[in-house]
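Here the structure comes first, spelled out in structure tokens, and everything after it is commentary.
2 protein chains.
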Amino acid sequence: MSTIRITGADAIDLRFPTSDLRDGSDAMHPDPDYSAAYVVLRTNQPGLEGHGLTFTIGRGNDLCVAAARLLADMAVGRTLDGIVTDFAAFWRSLASEPQMRWIGPEKGVVHLATAAVINAVWDLWAKSVGKPLWKLLVDLTPEELVSTIDFRYITDVLQPEEAVGMLQSMAAGKAQREEDMLATGYPAYTTSAGWLGYSDDKVRSLCAAAVEEGWTHFKIKVGADLADDRRRAAVVREAIGPARRLMMDANQRWDVDEAIDNMRALAAFDPWWIEEPTSPDDILGHAAIARSIEPIGVATGEQCQNRVVFKQLLQANAIAFCQLDSCRLGGVNECLAVMLMAKRFDVPVCPHAGGVGLCEYISHLVMADYVAISGTTENRVAEYVDHLHEHFLEPCVIHRGRYLAPRQPGYGITMRPETLVQYAYPHGPVWAARQLAAGAAR
Amino acid sequence: MSTIRITGADAIDLRFPTSDLRDGSDAMHPDPDYSAAYVVLRTNQPGLEGHGLTFTIGRGNDLCVAAARLLADMAVGRTLDGIVTDFAAFWRSLASEPQMRWIGPEKGVVHLATAAVINAVWDLWAKSVGKPLWKLLVDLTPEELVSTIDFRYITDVLQPEEAVGMLQSMAAGKAQREEDMLATGYPAYTTSAGWLGYSDDKVRSLCAAAVEEGWTHFKIKVGADLADDRRRAAVVREAIGPARRLMMDANQRWDVDEAIDNMRALAAFDPWWIEEPTSPDDILGHAAIARSIEPIGVATGEQCQNRVVFKQLLQANAIAFCQLDSCRLGGVNECLAVMLMAKRFDVPVCPHAGGVGLCEYISHLVMADYVAISGTTENRVAEYVDHLHEHFLEPCVIHRGRYLAPRQPGYGITMRPETLVQYAYPHGPVWAARQLAAGAAR
Chain A
2 MSTIRITGAD AIDLRFPTSD LRDGSDAMHP DPDYSAAYVV LRTNQPGLEG HGLTFTIGRG
62 NDLCVAAARL LADMAVGRTL DGIVTDFAAF WRSLASEPQM RWIGPEKGVV HLATAAVINA
122 VWDLWAKSVG KPLWKLLVDL TPEELVSTID FRYITDVLQP EEAVGMLQSM AAGKAQREED
182 MLATGYPAYT TSAGWLGYSD DKVRSLCAAA VEEGWTHFKI KVGADLADDR RRAAVVREAI
242 GPARRLMMDA NQRWDVDEAI DNMRALAAFD PWWIEEPTSP DDILGHAAIA RSIEPIGVAT
302 GEQCQNRVVF KQLLQANAIA FCQLDSCRLG GVNECLAVML MAKRFDVPVC PHAGGVGLCE
362 YISHLVMADY VAISGTTENR VAEYVDHLHE HFLEPCVIHR GRYLAPRQPG YGITMRPETL
422 VQYAYPHGPV WAARQLAAGA AR
Chain B
2 MSTIRITGAD AIDLRFPTSD LRDGSDAMHP DPDYSAAYVV LRTNQPGLEG HGLTFTIGRG
62 NDLCVAAARL LADMAVGRTL DGIVTDFAAF WRSLASEPQM RWIGPEKGVV HLATAAVINA
122 VWDLWAKSVG KPLWKLLVDL TPEELVSTID FRYITDVLQP EEAVGMLQSM AAGKAQREED
182 MLATGYPAYT TSAGWLGYSD DKVRSLCAAA VEEGWTHFKI KVGADLADDR RRAAVVREAI
242 GPARRLMMDA NQRWDVDEAI DNMRALAAFD PWWIEEPTSP DDILGHAAIA RSIEPIGVAT
302 GEQCQNRVVF KQLLQANAIA FCQLDSCRLG GVNECLAVML MAKRFDVPVC PHAGGVGLCE
362 YISHLVMADY VAISGTTENR VAEYVDHLHE HFLEPCVIHR GRYLAPRQPG YGITMRPETL
422 VQYAYPHGPV WAARQLAAGA AR
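Line order of the protein sequences matches chains A and B. The first sequence begins at 2 in my numbering and counts up one residue at a time. The second sequence begins at 2 in my numbering and counts up one residue at a time.
Given below as structure tokens:
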């Protein structure tokens, strides 16, 4: 293949009307329309494109699309080699774009958009070498992998040389671990049974079906009302029995003292973790909660904005589980930084997923974490939600409660061409039809 | 006046080509084009409008404008009374809009946009009662003022009843303090002399002129190169003498250990504070720096995203000066929350300003802080930068190094009508002319 050059970029606003069925409803997000700011990097090679997306839940997705467009332009004209040879520098040029960093920095809209662009570059890289992303990652030398990471603001807990040493120390057994993943996959858990908007009967029958399918870990949403939380926890605990693990997710609904009180009240149902008990920005608050509700573990991450917040959550012993998000962080490079810090602090990485595309992304990240970084699946489960996978060319595959290893080249996020047309917002056929229907009903 | 109802809203993209002269240049932002996402709330009352803006430095300002438009729509159709009677609930409805909170939450683009809309409501309220914003604030009862604040995520350090008590305890002397402000104003400091892009000679002559004008506190930019920082610190220290105060601002350029080392090297120039020594997200990092460089105080805030981060900076003894930003925080309501927490922890509030409009905003906030909340100017100085004031109908007034009390009704941010036309981006005359010139030069 001749030199691969990025010749153009598109950013598309895709939205799925999930609020109709209250899929994904929780205490803070009652009516999400799962959405994606979807980036395509075109190249000078016929048929070779990099695809990436960032996930949002509806209104404001257009802001991420506009930001992704500005950032993707910075890749246009560059060669793939030129980018990945000093990937950390390219990453920083996006994450700290001199004018746009003011409206972050490294957080919110601009950082979500950074993820879409950066992940599209990784997809392009993986496709160009004919490997699934996870395989590309585990085949990099320790030095190569570490060279993709911007260590700004984390050198007080992890220096590049230490990271290289940590990766080198995992060389033994790496080939065996890769075989493990190819043979049996990575343990997962399901959130599909416990959405807040579902009735008790629906939760009960979903739990029973999931037990049948081999699931061992179950998560429910809490936080809207304590009496309601107790009732639903009892329904789930009864349906899954005492041996399977029950996790709870408050979606940031509580203040610090409230979280402590409520989790003491819910301890009777033996939760393994409480997820997002309070503001994702409250490192010291999470640490206070963690100290007060042991042995229940505190988990957070889906809205933790960047590596600097994860660094502190780890420093402060605030989390027992690190739930990094493949789009909230600025793409693979920053996910690797967080995975390495988590390894350093011996905290399991249990990535956030669901939404649209997040399961596809993390099926790669957990494989790489197991094979090259952590070397274990102990106390580790990756989230799985069974929504919207039909839109991907190579949807993630779950079997008996485990993510199977992706086999196709790329980062697995490329959507079906018809989805890109049908769900385009606001003018694609799905949305145009809804506007017509809304007009007729008036 | 009959019931005031908000009947419509506009959001305008304004940009000023400040990068031409490197005004505002620093180690992280070499070429800012000072910009504003400017909101106008129209009403059913002839001539009565609420104006508010959020400040950015160029690219991406359109994202804030788009977000402000979405959020401002939530005010349209509401009465002013209906909003301000339960202002905390209205504030939360914007800051936690169920779909848009995903792309924050309460940070970055959406939170900057929240400030523009919320500040426009305060401007409208102040104009409707014929008072400058600061006077409206100090005339509210403690209960009324506290009712504007959303205490979510801060009740572990401050409860509403405690806040009311703190304000009640300041009733004695309040009338006298208001007279003080009207007579002499609030102490300020200047940043105009020390921009990183200026030559030593320019810095020297600007310092000499500022001493003549009565300034007592001077701030310089550091962080690009230590040898350069030493040289420039020596220039400024020599120009202002040993008695006046010198502050340093690293604009987030350093990692934690680097900040400690560099400030030990710069201690010889007797800095009063080091501002933004590292990532604005690094609460524990600021605390480590603060412990290591005493008696130099650590200051930060212009990019601290919300009250939750300020809460922790205060809890962790990480800052000696609280530099809240009137646009970075979600408008007056959240600024009040931070000012009350700072009072609780006995940390001086020294607001960030500069940019466009920030000096106008903070001239109101520091008056209210002194009269109703802190009751003192000890160790307090408000930032002043002498750029772009000519665009406001009632620019802030500085006399002998002090902000004079604003006298006109409103929050002081209403711009001249011709500015709104001339600097509109990208089609206003100033920008259209530049595009023509750029085209001709090609």
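Note that the Cβ used here is the ideal one computed from N, Cα and C, for glycine as well. Predicted, not measured: the structure shown is a model, and the values here were computed from it.
### Message
Give me the residue from D256/B, C208/B, R254/B and D258/B with the minimum Cα distance to A234/B.
### Response
As a working note, residue 234/B is residue 233 in the second sequence. Nearest option by C-alpha distance: C208/B.
#### Entry: For T156/A, the nearest candidate out of K312/A, A89/A, A38/A and H400/A (CA to CA)
For the purposes of this step, residue 156/A is taken as the residue at position 155 of the first sequence. Comparing Cα-Cα distances from T156/A to each of K312/A, A89/A, A38/A and H400/A, the minimum goes to K312/A.
### Task
Say whether the region 102 to 114 of chain A touches the region 43 to 51 of chain A, bearing in mind that this needs 3 or more beta-carbon pairs closer than 8 Å, one atom from each stretch.
no
### Query
Okay, do the region 218 to 238 of chain A and the region 250 to 258 of chain A touch, 3+ Cβ pairs below 8 Å being the bar?
yes
### Message
Below 8 Å on C-beta distance, what does I284/B contact in chain A?
### Response
Here residue 284/B is taken as the residue at index 283 of the second sequence, counted from 1. Residues of chain A passing the Cβ test: I284, L285 and Q313.
### Message
Would you call the region 415 to 425 of chain B in contact with the region 141 to 148 of chain B, where contact means no fewer than 3 C-beta pairs closer than 8 Å?
### Response
no
#### Entry: Contact list for A67/A against chain B, beta-carbon separation under 8 Å
Residue mapping note: residue 67/A aligns to position 66 of the first sequence, counting from 1. Within 8 Å Cβ-Cβ: D63, L64 and A67.
### Task
Give the residues of chain A in contact with Y154/B, contact being defined as C-beta atoms less than 7 Å apart.
What you label residue 154/B is simply residue 153 of the second sequence in a count that begins at 1. Simply D256, T279, S280 and D283.
### Query
Looking at the unbroken beta strand (DSSP E) that takes in P272/B, where does it start and where does it end?
In the second sequence, counting from the first residue as 1, residue 272/B sits at position 271. Element bounds for P272/B: P272 to E276.
### Task
Mind listing the chain B neighbours of I104/A? Cutoff is C-beta to C-beta under 7 Å, in chain order.
As a position in the first sequence, residue 104/A is number 103, starting the count at 1. Result: T57, G61, L64, C65, G109, V110 and L113.
### Task
Report the neighbours of P352/B on chain A: residues whose CB is nearer than 7 Å to its CB, in chain order.
Position 351 of the second sequence, counting from 1, holds the residue named residue 352/B. Per Cβ cutoff of 7 Å: no residues; P352/B is ~17 Å from chain A at best.
### Message
With a threshold of 8 Å between beta-carbons, can P33/B be considered close to chain A, or not?
### Response
Residue mapping note: residue 33/B aligns to position 32 of the second sequence, counting from 1. Chain A, which has a Cβ nearer than 8 Å to the Cβ of P33/B, makes this yes.
### Query
Can you tell which of E379/B, V398/B and Q436/B has the C-alpha that lies nearest to the C-alpha of V386/B?
Residue numbering aside, residue 386/B sits at position 385 when the second sequence is read from its first letter. That would be V398/B, whose Cα lies nearest to the Cα of V386/B.
### Message
Taking the alpha helix (DSSP H) that V110/B belongs to, which residues open and close that run?
### Response
Counting from one through the second sequence, the residue named residue 110/B turns up at place 109. Residues G109 to S129.
### Query
If you draw a straight line from the C-alpha of H218/A to the C-alpha of M264/A, how long is it?
Your numbering for residue 218/A matches position 217 in the first sequence. Your numbering for residue 264/A matches position 263 in the first sequence. So the alpha carbons of these two residues sit roughly 19 Å apart.
### Task
State the start and end residues of the unbroken beta strand (DSSP E) segment that holds D14/B.
Residue numbering aside, residue 14/B sits at position 13 when the second sequence is read from its first letter. Its beta strand (DSSP E) spans residues I7 to R16.
### Task
Using alpha carbons as the reference points, say which of D34/A, T80/A and C65/A lies closest to R6/A.
Here residue 6/A refers to the residue found at position 5 of the first sequence. Ranking D34/A, T80/A and C65/A by Cα distance to R6/A puts T80/A first.
### Task
Report yes or no: do three or more beta-carbon pairs, one from the region 72 to 79 of chain B and one from the region 268 to 280 of chain A, lie closer than 8 Å?
no
### Task
Tell me R246/A's beta-bridge partners as DSSP assigns them.
Numbered from 1 along the first sequence, position 245 holds the residue referred to as residue 246/A. In the DSSP output, where bridge partners are listed per residue, R246/A has H218/A.
### Message
Let me check one thing: in DSSP terms, what residues is I399/B bridge-paired to?
### Response
Numbered from its first residue, the second sequence carries residue 399/B at position 398. Bridge partners of I399/B: Y404/B.
### Message
Using 8 Å as the threshold, is the C-beta distance between F54/B and A37/B below it?
### Response
One-based indexing of the second sequence puts residue 54/B at position 53. One-based indexing of the second sequence puts residue 37/B at position 36. This sequence places Leu at residue 54/B; Phe is not what is there. Taking 8 Å as the Cβ cut-off, L54/B and A37/B qualify as a contacting pair.
### Query
Once you ignore the five residues that flank A433/B on each side, which residues in its own chain have a CB closer than 6 Å to its CB?
On the second sequence, residue 433/B is found 432 positions in, with the first residue counted as 1. Answer for A433/B: no residue qualifies.
### Task
Tell me, to the nearest whole angstrom, how far the beta carbon of V310/B is from that of P278/B; I am working on the premise that it is less than 8 Å.
As a working mapping, residue 310/B is identified with position 309 in the second sequence. As a working mapping, residue 278/B is identified with position 277 in the second sequence. 15 Å between Cβ atoms; not a contact.
### 8 Å contact criterion, which Y190/A and W216/A should meet: CB distance rounded
Position 189 of the first sequence holds residue 190/A. Position 215 of the first sequence holds residue 216/A. At roughly 7 Å, the Cβ-Cβ gap stays under 8 Å, so Y190/A and W216/A are in contact.
### Message
Can you tell me whether F152/B is helix, strand or coil according to DSSP?
### Response
Here residue 152/B refers to the residue found at position 151 when the second sequence is read from its first residue. Residue state, collapsed to three classes: coil.
### Query
Listed in chain order, which residues of the region 298 to 323 of chain A have Cβ atoms closer than 8 Å to some Cβ of chain B?
Q304, Q306, N307, V309, V310, K312, Q313, Q316 and A317
### Task
State yes or no: is the C-beta of H52/A within less than 8 Å of the C-beta of G331/A?
As a first step, residue 52/A must be located in the first sequence, where it is residue number 51. As a first step, residue 331/A must be located in the first sequence, where it is residue number 330. Their beta carbons are not under 8 Å apart, which means H52/A does not touch G331/A by this criterion.
### Query
Do three or more CB pairs link the region 335 to 350 of chain A to the region 311 to 327 of chain A at distances below 8 Å?
yes
### Message
Strictly below 9 Å CB to CB, what residues from chain A border P99/B?
### Response
Translated into positions along the second sequence, residue 99/B becomes position 98. Ordered by position in chain A, the residues that pass the 9 Å Cβ test against P99/B are M29, H30, P31, D32, P33, I58, G59 and R60.
### Query
Buried or exposed: which applies to Q306/A, given that a residue is buried once 16 or more other Cβ atoms fall within 10 Å of its Cβ?
Position 305 of the first sequence, counting from 1, holds the residue named residue 306/A. By the neighbour-count rule (16 or more Cβ atoms within 10 Å), Q306/A is buried.
### Query
Cα separation between G166/B and K344/B?
If you number the second sequence from 1, residue 166/B lands on position 165. If you number the second sequence from 1, residue 344/B lands on position 343. About 12 Å.
### Message
Considering only the alpha carbon of each residue, which of Q324/A, L315/A, I374/A and H287/A lies closest to L359/A?
### Response
By one-based count along the first sequence, residue 359/A stands at place 358. Of the candidates Q324/A, L315/A, I374/A and H287/A, the one whose C-alpha sits nearest the C-alpha of L359/A is Q324/A.
### Query
What residues of chain B sit near D157/A, judged by a beta carbon separation below 7 Å?
Indexing the first sequence from 1 puts residue 157/A at position 156. Near D157/A (Cβ distances below 7 Å), the residues of chain B are D256, V257, D258 and G286.
### Task
Answer yes or no: does any C-beta atom of chain B fall closer than 8 Å to that of L71/A?
Translated into positions along the first sequence, residue 71/A becomes position 70. It does; some Cβ of chain B falls within 8 Å.
### Inside the region 313 to 363 of chain A only - beta strand (DSSP E) runs reaching at least 3 residues
none
### Query
Around the C-beta of R16/B, are 16 or more other C-beta atoms found within 10 angstroms, so that it is buried, or is it exposed?
Translated into positions along the second sequence, residue 16/B becomes position 15. Counting Cβ neighbours within 10 Å, R16/B comes out buried, since at least 16 surround it.
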